[in-house]
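**Student:** Per this note's numbering, residue 288 is the first one in the sequence shown, and the count goes up by one each step.
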Amino acid sequence: NPAAWLVTVARRKLIDRLRRDRRHAEKLDQLESDARTLGGVEELELPDDIPDEQLQLLFGCCHPALTVEAQVALTLRTFGGLTTSEIARAFLVPEATMAQRLVRAKAKIRSAGIPFEIPDAPMLSERVEGVLAVIYLVFNEGYAASTGGDLVRGDLCTEAIRLARLLVGLLPGNAEVEGLLALLLLHDSRRDARLDADGQLLVLDEQDRSRWDRAAIDEGTAVLDRALARRSVGPYQLQAAISALHAGAPNADDTDWREIAGLYGLLARLAPSPVVELNRAVAEGMADTPERALVQLDALTDSLAGYAPFHAARADLLRRSDQVDEAIAAYHVAERTTDNDAERAYLARRRAGLERQVPG
C-alpha cells in the first residue's frame with residue numbers, strides 16, 4: 288500500500304523533526320545560559336615546568352603588556368614561522384599595516400624593558416588567551432594555506448594539535464582549552480577528504496565522508512562533551528560544536544543548518560567579527576533562502592572586501608538564487624582575491640561551469 292506507507296513515513300519524519308526542534312531550542316537555551324557566565328580565561332594554577340620548548344616560547348612571547356592581537360602577531364612571526372603576509376591575512380588587514388604593528392610591538396618590548404623569558408607560574412595564567420589564539424591561527428594557516436600551491440600544510444596542523452594536547456594536560460579542567468583541542472580535531476578529521484585524486488579542492492558538500500577520520504571525530508566529540516559539561520561556554524567550544532554538527536551529519540543534505548545558524552548567532556555575541564557574521568549569514572541562507580543571506584552579506588562588503596571566502600560565499604549564494612551573471616562576476620572577484628592556487632583553480636572551475644550555462 289504505497290499511499291499508506293508514504294503517510295506513515297511522513298508522520299514519522301514530522302515527529303522526528305518536532306523532536307529535533309525541541310532539542311535544538313533546549314540546547315541553545317542551555318548554551319546561552321552558560322555563556323552568560325563567561326568572563327574571560329579564569330585564574331589558573333600552572334606547573335613551574337612547562338614540558339615543551341615550543342610551548343614555553345609561546346607563553347614567553349604572550350606578555351600582558353602587549354595587546355592580545357600584538358602578542359599573537361609577534362608570536363606567529365617569531366616562532367610560528369608565518370610570514371607577515373600570512374599573519375596579515377589572518378587578521379584581515381593589509382600587509383603594510385601588520386608590518387607596522389609588529390615593529391611597534393617589538394619597540395614596546397625594548398622601551399619597556401620587557402624580559403624575553405619564561406614567567407613564573409603565577410603569571411602564566413594571564414597569557415593563556417594569547418597562546419590559545421596563536422595555536423588556533425597556526426592550525427588555520429595549515430588547514431587552508433593563505434598562499435602557494437598547496438591547500439593544506441599538514442605540518443602546521445599536526446604541530447597545532449600537539450600543542451593543544453599539551454595545553455590540555457597543563458590546564459586540566461579548562462573548558463576553552465578543551466574546546467580548542469576539540470575544534471582542531473574535528474576540523475582535521477576532514478583533511479584528507481578536502482582534495483580529490485587529482486589534487487583539486489573539494490568543498491564540504493562535495494567530500495566523500497567515508498574518508499573522514501572517524502577516530503579524530505570521536506575524540507573531538509568526547510573532548511567537546513567534557514568541555515560543555517563544565518558550563519562555561521566560550522568561542523572555541525561554540526566553534527567546535529558547529530564542527531561537530533557537520534561531522535555528525537551522514538550527508539550534506541542532513542546537515543542541521545538551523546542549529547548551526549543558532550550557534551553562530553551565539554558566537555557573534557561572545558566574539559563578534561565580520562567573519563563570524565559571514566558564516567552566520569551563510570548558515571541562515573542554507574536553513575532558509577539564499578536571498579536572505581545575500582541581504583546580510585551586503586552589510587559586510589566594506590569590512591570583508593579583501594577576504595576571498597566572502598566573495599566565494601557570495602558567488603555561491605548568487606548561483607543558488609539563479610543570478611548567474613552576478614555569480615560569475617563574484618567568482619571573478621574571489622579568484623583575484625585569493626593567493627592560494629588550489630582555491631583559485633576551484634573558483635575558476637565553478638565560474639566556468641556557470642559560463643557554459645549562459646547563451647551565446
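The beta carbon of each residue, even a glycine, is placed where N, CA and C say it ideally should be. Owing to the predicted nature of the structure, the values given are computational and were not obtained by experimental measurement.
In three-state DSSP terms, what is residue 482?
**Tutor:** Taking the first residue of the sequence shown as position 1, residue 482 is located at position 195. Strand, per DSSP.
**Student:** Any chance the region 373–383 sits against the region 449–469, with 3 or more Cβ pairs inside 8 Å?
**Tutor:** no
**Student:** Going residue by residue through the region 517–592, where are the continuous alpha helix (DSSP H) segments of at least 4 residues, counting only ones entirely within it?
**Tutor:** 522–535, 544–557, 561–574 and 577–585
**Student:** Would you please state the rounded distance, in angstroms, between the beta carbons of residue 454 and residue 439? I believe it to be under 8 Å.
**Tutor:** To locate residue 454, count along the sequence shown from 1; it is residue 167. To locate residue 439, count along the sequence shown from 1; it is residue 152. About 23 Å; that fails the 8 Å criterion.
**Student:** List the whole-angstrom C-beta distance separating residue 394 from residue 385, where the pair is believed to meet the contact cut-off of C-beta under 8 Å.
**Tutor:** Within the sequence shown, numbered from 1, the residue matching residue 394 stands at position 107. Within the sequence shown, numbered from 1, the residue matching residue 385 stands at position 98. A Cβ-Cβ separation of about 15 Å leaves residue 394 out of contact with residue 385 under the 8 Å criterion.
**Student:** With DSSP as the reference, please indicate the residues paired to residue 488 in a beta bridge.
**Tutor:** Counting from 1 along the sequence shown, the entry for residue 488 is found at position 201. In the DSSP output, where bridge partners are listed per residue, residue 488 has 482.
**Student:** Measure the C-alpha to C-alpha separation of residue 484 and residue 538 and round it to an integer number of angstroms.
**Tutor:** Your numbering for residue 484 matches position 197 in the sequence shown. Your numbering for residue 538 matches position 251 in the sequence shown. About 20 Å.
**Student:** Is it a yes or a no for the region 624–634 touching the region 413–421, going by three-plus beta-carbon pairs under 8 Å?
**Tutor:** no
**Student:** In terms of residue numbering, what span does the alpha helix (DSSP H) encompassing residue 637 cover?
**Tutor:** As a working note, residue 637 is residue 350 in the sequence shown. Its alpha helix (DSSP H) spans residues 628–642.
**Student:** Sort 518, 527, 420 and 501 by Cα distance to residue 349 and report the nearest one.
**Tutor:** Along the sequence shown, read from residue 1 onward, the residue named residue 349 stands at position 62. Among 518, 527, 420 and 501, the Cα nearest to that of residue 349 belongs to 420.
**Student:** Mind checking residue 373: buried by the 16 CB within 10 Å criterion, or exposed?
**Tutor:** Here residue 373 is taken as the residue at index 86 of the sequence shown, counted from 1. Within a 10 Å sphere around the beta-carbon of residue 373 sit 16 or more other beta-carbons, which makes this residue buried.
**Student:** What would DSSP say about residue 461, mapped onto helix, strand or coil?
**Tutor:** Numbered from 1 along the sequence shown, position 174 holds the residue referred to as residue 461. Coil, per DSSP.
**Student:** How should residue 516 be labelled, buried or exposed, when 16 other C-beta atoms within 10 angstroms of its C-beta is the threshold for buried?
**Tutor:** By one-based count along the sequence shown, residue 516 stands at place 229. When all chains shown are included, residue 516 counts as exposed.
**Student:** When we look at the beta-carbon of residue 654 and count the other beta-carbons within 10 Å, is it buried (16 or more) or exposed?
**Tutor:** A query on residue 654 cannot be resolved here, the shown segment of the chain reaching from 288 to 647 and no further.
**Student:** Leaving out five residues before and five after residue 506 in sequence, what residues of the same chain have Cβ atoms less than 6 Å from its Cβ?
**Tutor:** Stepping through the sequence shown from its first residue, residue 506 is reached at position 219. Taking C-beta separations shorter than 6 Å and ignoring five residues to either side along the sequence, the partners of residue 506 in its chain run 472, following chain order.
**Student:** Taking the alpha-carbon of residue 626 as reference, which of 595, 617 and 603 has the nearest alpha-carbon?
**Tutor:** Here residue 626 refers to the residue found at position 339 of the sequence shown. Taking only the C-alpha atoms, the option nearest residue 626 is 595.
**Student:** Take the Cβ of residue 528 as the centre, count every other Cβ of all protein chains shown within 10 Å, and call the residue buried at 16 or more, exposed below.
**Tutor:** Residue mapping note: residue 528 aligns to position 241 of the sequence shown, counting from 1. Looking at its Cβ environment, which holds 16 or more other Cβ atoms inside 10 Å, residue 528 is buried.
**Student:** Counting along the chain, where does the alpha helix (DSSP H) carrying residue 417 start and finish?
**Tutor:** Within the sequence shown, the letter at position 130 stands for residue 417. Looking at the DSSP string, the run of the alpha helix (DSSP H) that includes residue 417 is 415–430.
**Student:** Return the chain-ordered list of same chain residues with a C-beta closer than 8 Å to the C-beta of residue 441, the five sequence neighbours on each side being excluded.
**Tutor:** Taking the sequence shown and counting its residues from 1, one reaches residue 441 at position 154. Same-chain partners within the cutoff: 429 and 478.
**Student:** Given a threshold of 16 other Cβ atoms within 10 Å of its Cβ, counted over all protein chains shown, does residue 481 qualify as buried or as exposed?
**Tutor:** For the purposes of this step, residue 481 is taken as the residue at position 194 of the sequence shown. Burial call: buried.
**Student:** Span of the alpha helix (DSSP H) holding residue 610?
**Tutor:** As a position in the sequence shown, residue 610 is number 323, starting the count at 1. No alpha helix (DSSP H) holds residue 610; DSSP gives it neither H nor E.
**Student:** Which value, in whole angstroms, describes the spacing of the CA atoms of residue 579 and residue 390?
**Tutor:** Taking the sequence shown and counting its residues from 1, the one referred to as residue 579 is at position 292. Taking the sequence shown and counting its residues from 1, the one referred to as residue 390 is at position 103. Put simply, the backbone Cα of residue 579 is about 43 Å away from that of residue 390.
**Student:** Only counting the same chain, and skipping five residues up and downstream in sequence, which positions put a Cβ closer than 6 Å to that of residue 583?
**Tutor:** Taking the first residue of the sequence shown as 1, we reach residue 583 at position 296. So the list reads 568, once near-sequence residues are dropped.
**Student:** Is DSSP giving residue 350 helix, strand or coil here?
**Tutor:** Stepping through the sequence shown from its first residue, residue 350 is reached at position 63. The answer is coil: DSSP assigns residue 350 none of H, G, I, E or B.
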